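Undergrad: Quick mapping for you: the protein sequence lines, in order, are chains A and B.
Counting from 3, one number per residue, gives the positions in the first sequence under the numbering used here.
Counting from 3, one number per residue, gives the positions in the second sequence under the numbering used here.
There are 2 protein chains.
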Amino acid sequence: MKNILRLSMAQINTCVGDFAGNACKIINAIEQAKAQGSHIVCFPELAVCGYPPEDLLFKNSFVQENTRRLNQIKEKAYGIIAIVGTISRQKRLLFNSAAILADKKIIDIYHKIHLPNYGVFDEKRYFSSGEKFNLYEFRGFRVGVNICEDIWVEDGVINSQAKAGANLILTINASPYHAGKINLRQKMLKAQAKKNKVFIAYINLVGGQDELVFDGQSMLISDKGKVLSLASAFKEELKIIDIDLEKLPQKPKSRKLKIISLCLPEEENTLQPIPPARIKKLEAAEEVFSALVLGTRDYALKNGFSEAILGLSGGIDSSLVAVIAASALGKDNVIGAILPSKFNSPNSSDDAISLANSLGIKHITIPIQEIFEKYLNTLNPHFSGQPWNTAEENLQARIRGNILMALSNKFGWLVLTTGNKSEMGVGYATLYGDMAGGFAVIKDVPKTLVYKLSEFYNRRENKEIIPRRVLEKAPTAELRENQKDSDSLPEYGTLDPILKYYIEEDLSVSQIIKKSFKQEDVLKTARMVDTSEYKRRQSPPGVKITPRAFGRDRRMPIANRFKEVLNNV
Amino acid sequence: MKNILRLSMAQINTCVGDFAGNACKIINAIEQAKAQGSHIVCFPELAVCGYPPEDLLFKNSFVQENTRRLNQIKEKAYGIIAIVGTISRQKRLLFNSAAILADKKIIDIYHKIHLPNYGVFDEKRYFSSGEKFNLYEFRGFRVGVNICEDIWVEDGVINSQAKAGANLILTINASPYHAGKINLRQKMLKAQAKKNKVFIAYINLVGGQDELVFDGQSMLISDKGKVLSLASAFKEELKIIDIDLEKLPQKPKSRKLKIISLCLPEEENTLQPIPPARIKKLEAAEEVFSALVLGTRDYALKNGFSEAILGLSGGIDSSLVAVIAASALGKDNVIGAILPSKFNSPNSSDDAISLANSLGIKHITIPIQEIFEKYLNTLNPHFSGQPWNTAEENLQARIRGNILMALSNKFGWLVLTTGNKSEMGVGYATLYGDMAGGFAVIKDVPKTLVYKLSEFYNRRENKEIIPRRVLEKAPTAELRENQKDSDSLPEYGTLDPILKYYIEEDLSVSQIIKKSFKQEDVLKTARMVDTSEYKRRQSPPGVKITPRAFGRDRRMPIANRFKEVLNNV
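#1: Taking 7 Å as the threshold (beta carbon to beta carbon), is V571(B) in contact with chain A?
#2: Taking Cβ-Cβ distances shorter than 8 Å, what residues in chain B pair up with N62(A)?
#3: For the segment 359 to 373 of chain B, which residues have a beta carbon sitting closer than 9 Å to at least one beta carbon of chain A?
#4: Give me the DSSP bridge partner(s) of H365(A).
#5: Could you tell me which residues DSSP pairs with L207(A) in its beta bridges?
#6: For D487(A), count the other beta carbons within 10 Å of its own beta carbon; 16 or more makes it buried, fewer makes it exposed. Which is it?
#7: How about K412(B) and I373(A): do their beta carbons lie closer than 7 Å?
#8: Taking 7 Å as the threshold (C-beta atoms), are P342(B) and S351(B) in contact?
#9: Identify the contact partners of A330(A) in chain B, using a Cβ-Cβ distance below 7 Å as the criterion.
#10: What are the residues that DSSP puts in a beta bridge with N98(A)?
#11: Can you tell me whether D555(B) is buried or exposed? The criterion is at least 16 other CB atoms within 10 Å of its CB, across all chains shown.
#12: Output needed for Y301(A): all residues of its chain with C-beta closer than 6 Å, excluding positions within five of it in sequence on either side, in chain order.
#13: Quick one: measure Cβ to Cβ for D217(A) and A293(A), integer angstroms, because I've assumed they're closer than 8 Å.
#14: Using a Cβ-Cβ cut-off of less than 8 Å, give me the residues of the segment 514 to 541 of chain B that come near chain A, in sequence order.
#15: Please classify P55(A): is it buried, with 16 or more other beta-carbons within 10 angstroms of its beta-carbon, or exposed?
#16: My guess is that K423(A) and K445(A) are in contact by the Cβ rule of under 8 Å, so how many angstroms apart are they, rounded?
#17: Going along the chain, which residues of its own chain have a beta-carbon closer than 8 Å to the beta-carbon of E535(A), five neighbours each way excluded?
#18: Among M426(A), M437(A), T432(A) and H116(A), which residue has its Cα nearest to the Cα of L418(A)?
#19: How would you list, in chain order, the residues of chain B whose beta-carbon sits under 8 Å from the beta-carbon of Q211(A)?
#20: From F45(B), T88(B) and L322(B), pick the residue whose C-alpha is nearest to that of V443(B); which is it?
#21: Since N396(B) is in the alpha helix (DSSP H), which residue starts that stretch and which ends it?
#22: Can you check whether the CB of I82(B) is closer than 7 Å to the CB of V145(B)?
#23: Assign F129(A) to one of three DSSP states: helix, strand, or coil.
#24: Considering Y434(A), what are the terminal residues of the beta strand (DSSP E) in which it resides?
#25: Going by DSSP, name the residue or residues bridged to M11(B).
#26: Using a Cβ cut-off of 8 Å, pull out every chain B residue sitting near D436(A), in sequence order please.
#27: Between C150(B), L72(B), K114(B) and A287(B), which lies nearest to S456(B) when the distance is taken from Cα to Cα?
#28: What in chain B is Cβ-close to C17(A), meaning under 7 Å?
#29: Could you tell me whether any non-hydrogen atom of the ligand ZN is closer than 6 Å to the CB of P499(A)?
#30: Got a sec, what are the start and stop residues for the beta strand (DSSP E) I378(A) sits in?
#31: What are the residues that DSSP puts in a beta bridge with G23(A)?
#32: By the three-class DSSP mapping on this structure, what secondary structure does T173(B) have?
#33: Closer than 8 Å, Cβ to Cβ, to anything on chain B: give me those residues from the segment 100 to 127 of chain A, in chain order.
#34: Could you work out which residues of chain B lie near Q388(A), taking near to mean beta carbons separated by less than 8 Å?
#35: Any C-beta of chain A within less than 7 Å: which residues of the segment 37 to 49 of chain B qualify?
#36: In chain A, which residues lie less than 7 Å from T392(B) when you measure between Cβ atoms?
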């Protein structure tokens, strides 16, 4: 056991602004890591204040509280090196930093150099860029520290750190999840490790924060690009790994740099070796499902909700949301409300009840027909003989929204909405109706993926919890006689790829048509997306699971007259 | 008339993405300016595509369409110099640029150097920074061009331009309005003009775009810091001014720089001189009122609405929104809906009707009591004997929201909401109830300012259009017996300054208490602000009139456990 560096990757679930809670988690992990003989323990980016703190960073009191908590944490950092993500202020500038703690002191502080300002990130709104780094030396080896975006930049700081002789890079992260992101990350890390001839320990945040989920999956990569260790997905973990120093790549050492010596505890001879790590990646559907569960659980718990209610229509979307909610909060904490009108087929209620029963959640039935008729009578003199239109359709959805919100206001239940990304994309949803609620669980899940996740869930449970008929019937909003989604929309198998090209990849309608979609489908879809921005602006937050979600990730004007011309189709 | 530079400041109202419309306005203004003998005509920042284009900039087709339109505009630019705000792309980089057009050619292009990435601005998300500038010489004088943020930066590009010999700076802008911004701008421009010994012509955008209003008020400032000319506030104008070249400050000319000669038309001897400009600034209340009118009009028109509906409660907020709506869209295009329950005093309906009549808008009355009772009967078995709470209160507001939305869906009317900034701040508003609608006209107007604007309006109209009783009665939501706002909130005279310190100035609760507010008022207010972020996230857009509005301007997490401690009170 000589020449082992024992590293603890503390993949913790912080909450923004919860300084007491975050500090407690950090101190616990330091003590656990020490008890297990770790030399170094690393925490995620901005672990002290939570990530992303957004405009709370403009409050002096927030920055001061961060400093106060970091000082408390520092007092516990002895007999071990702790690397903690923290805000720091120098003169009037704010930095996104990593504090290197040892012997109850902040022995150094690194400021993030590459600040992301795209996608969901606004870091240039808050932070100044760091300009330099030091390396940390122990037993002749050199360690570099950097933060999240820093590791993604080719020829960025990691390059300079490697050239200055770093053998091992510790990178602390708050890297938001989207489906398949782990593959992107591993590809990038392997390339950086090989190119720069370094080991990389990648420590990631875990947990949900508003629309973002952080998936954890912290890992160690060798200089040959091999994944030596991978921590859990979507779960807190103190992942302890032994790095054999003899296996670190040897390299010439630059003399120009400030080198800080790390005095590591010398008790390793008494340590039990850590058994080699099991490397387990999730299958695609399980990964997304887990993200939705964690995102929903954390949104509820971090906002003080333990119970949730949702409308069960007997359709696939509400069925999937129900199983996610039950997985997130426990089946005893989920209430399904069945809210039929005369346009709902009896099968719909049966399917909803059948789902609720097999899932084991409570359900209540509140017919809306009488309220609906009372509205129609009241409005009749003012509707002046106009034909039935979306006014009457939306009214039903809004009565349902009102009932769910009334139960929420009465009992403190969080209302979960059930709209999917395809509907949100084309605006096939009722504002203040089915869009009414605190959290939009599958807002970023395209309809075709809703089916896959439902199938996955039944398969995993080895039981048709979501009834077969729900998986097989044609999607319908049931807001008028014999309504089908396909009356208004292209089939979802066509719609979803068009939406992906248009929303996530910014392709023009001409480019999409060239991928052999029908011109009318593409034009119609693009128009529907463009003209429903006002609805999305008022939608509740939901878990981001694609490379570009609605919300902070996609900032579109509402007043927008841009209409693409069809070029070279 | 020798040695006059005739400058047209084309203060136009663009719309984002409306390339055809914007190009048409630009070409018309070029031709008008030419017809009136102008040598140079300047347009606002990003005039070709509209400002701010946000994530539309990620669409190649958007950038290409901008280029195509700029080329069309270029063909009309002869016999005059046109300076046009435009997107430009070089290699893979996007710039926020000013195209200098002459003789049907783009003779030069300047890229904005200082990109704002704070407040409502995200320009570093999209653009790269320019790095250099050229000067433009005519008859021995030198002109520099720059863009918006550039002029605000002390020792920024204007400084370098002046040092290189510029006598006159043309700065093109899209500078969003907030109350009193014109004073800030003039103070800054005067300081820059004096410090750099230059004349500055400041051309600003006018019009509403989602939450922003641009107030125009383009102006010319002398090197002595005198405002020589000021264009209209909140209106389109082609402001033509004669600059006496003899009065431009003389200065040494740097030789290191690329100088582009401007060949100006030589017909000035035949020109009629422009009479000296009248300088008129608006009084404070008129300025805000005008901003709200323009913001509301442009939101409606740019989104295709010509008529609007709002709920009239007989209170001050809905009264003010009604007069703004009537000013924006014409009284024949505004419908007031009076939606009484049993908790509304008869006075309330009377006041609402009286306002509608004196304002000359249509009104309809739709009592909600029966629908409310039908909901209560339906929910009764599920409310299981729980006491009356916000569930029942909110239900009334939501029935009203549903009725307004049903009328909107039936007749295509835009629903205007009537909540003010004080209510939005503390969450004293019902999600999907009084918050339901397309545009929240006074969302950024604190309650105390609502009174001032109402008084201003009556004064301006020289008539009590908003009834005296409305101005004098105690504010109430009328959602239960004898309810008063002051049951739940500090008096607005106390609440509003606390909110301003907390929201707009980021002061801590301790700092606010020190300004001699009661500790309990400050703590309660801060908690209410912090815990109502989820509501604001789902609110419709509304006109920004303060230095920090809710929305893009203030990006707060919903899950947020930050609770300030009371330090040194």
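All C-beta atoms in this analysis are idealised placements derived from N, C-alpha and C, irrespective of residue type, glycine included.
Fair warning: this is a prediction, and the values are worked out from it, not measured in the lab.
TA: For this structure:
#1: Residue placement at V571(B) is poorly supported in this model, since its pLDDT is 47, which falls under 50; the coordinates still yield a value, given next. No, its Cβ sits nowhere closer than 7 Å to a Cβ of chain A.
#2: Annotation: Cβ neighbours of N62(A) in chain B (cutoff 8 Å, chain order): D508 and S510.
#3: Taking 9 Å as the Cβ-Cβ cut-off against chain A, the residues of the segment 359 to 373 of chain B that qualify are I366, I368, P369, I370, E372 and I373.
#4: In DSSP, H365(A) forms a bridge with G338(A).
#5: Listed as beta-bridge partners of L207(A) by DSSP are no residues whatsoever.
#6: Under this definition D487(A) is a buried residue.
#7: Going by C-beta atoms, K412(B) is not nearer than 7 Å to I373(A).
#8: The answer is yes: Cβ separation under 7 Å.
#9: Here the premise fails: no neighbours, minimum Cβ distance about 14 Å.
#10: In the DSSP output, where bridge partners are listed per residue, N98(A) has I89(A).
#11: Looking at its Cβ environment, which holds 16 or more other Cβ atoms inside 10 Å, D555(B) is buried.
#12: Cβ neighbours of Y301(A) beyond the five flanking positions: G210 and F441.
#13: 7 Å between Cβ atoms; contact.
#14: From the segment 514 to 541 of chain B, only Y536, R539, Q540 and S541 have a Cβ closer than 8 Å to chain A.
#15: By the neighbour-count criterion, in which a residue is buried when 16 or more other Cβ atoms sit within 10 angstroms of its Cβ, P55(A) is buried.
#16: Yes, they are in contact, since the Cβ atoms of K423(A) and K445(A) sit about 6 Å apart, within 8 Å.
#17: Once the five neighbours on either side are set aside, the close Cβ partners of E535(A) are M558, P559, I560 and N562.
#18: Of M426(A), M437(A), T432(A) and H116(A), the smallest CA-CA separation from L418(A) is found for M437(A).
#19: Contact annotation for Q211(A) against chain B: P559 and A561 [CB-CB distance below 8 Å, chain order].
#20: When each option's Cα is compared against that of V443(B), the closest is L322(B).
#21: Segment T392 to F413, the alpha helix (DSSP H) holding N396(B).
#22: Not closer than 7 Å, so no.
#23: Here F129(A) sits in coil by DSSP.
#24: The continuous stretches of beta strand (DSSP E) do not include Y434(A), and DSSP gives it neither H nor E.
#25: DSSP output for M11(B) lists C44(B) and K241(B) as bridge partner(s).
#26: None at all; the shortest Cβ gap to chain B is about 12 Å.
#27: Looking at the Cα atoms, A287(B) is the closest of the given residues.
#28: Contact note: C17(A) reaches chain B through A561 and R563, using a C-beta cutoff of 7 Å and chain order.
#29: Because no ligand of any kind appears in the structure shown, any question about the ligand ZN cannot be addressed here.
#30: One point to set straight first is that residue 378(A) is Leu, not Ile, in the sequence displayed. No beta strand (DSSP E) holds L378(A); the alpha helix (DSSP H) holding it covers Q371 to F385.
#31: Answer is none; G23(A) lacks a bridge partner.
#32: Strand, per DSSP.
#33: Across the segment 100 to 127 of chain A, CB contacts with chain B closer than 8 Å involve N119, Y120, D124, K126 and R127, in sequence order along the chain.
#34: Going along chain B in sequence order, the residues near Q388(A) (Cβ under 8 Å) are K412 and F413.
#35: Answer in chain order: no residues at all.
#36: From the beta-carbon of T392(B), the residues of chain A found nearer than 7 Å are N411.
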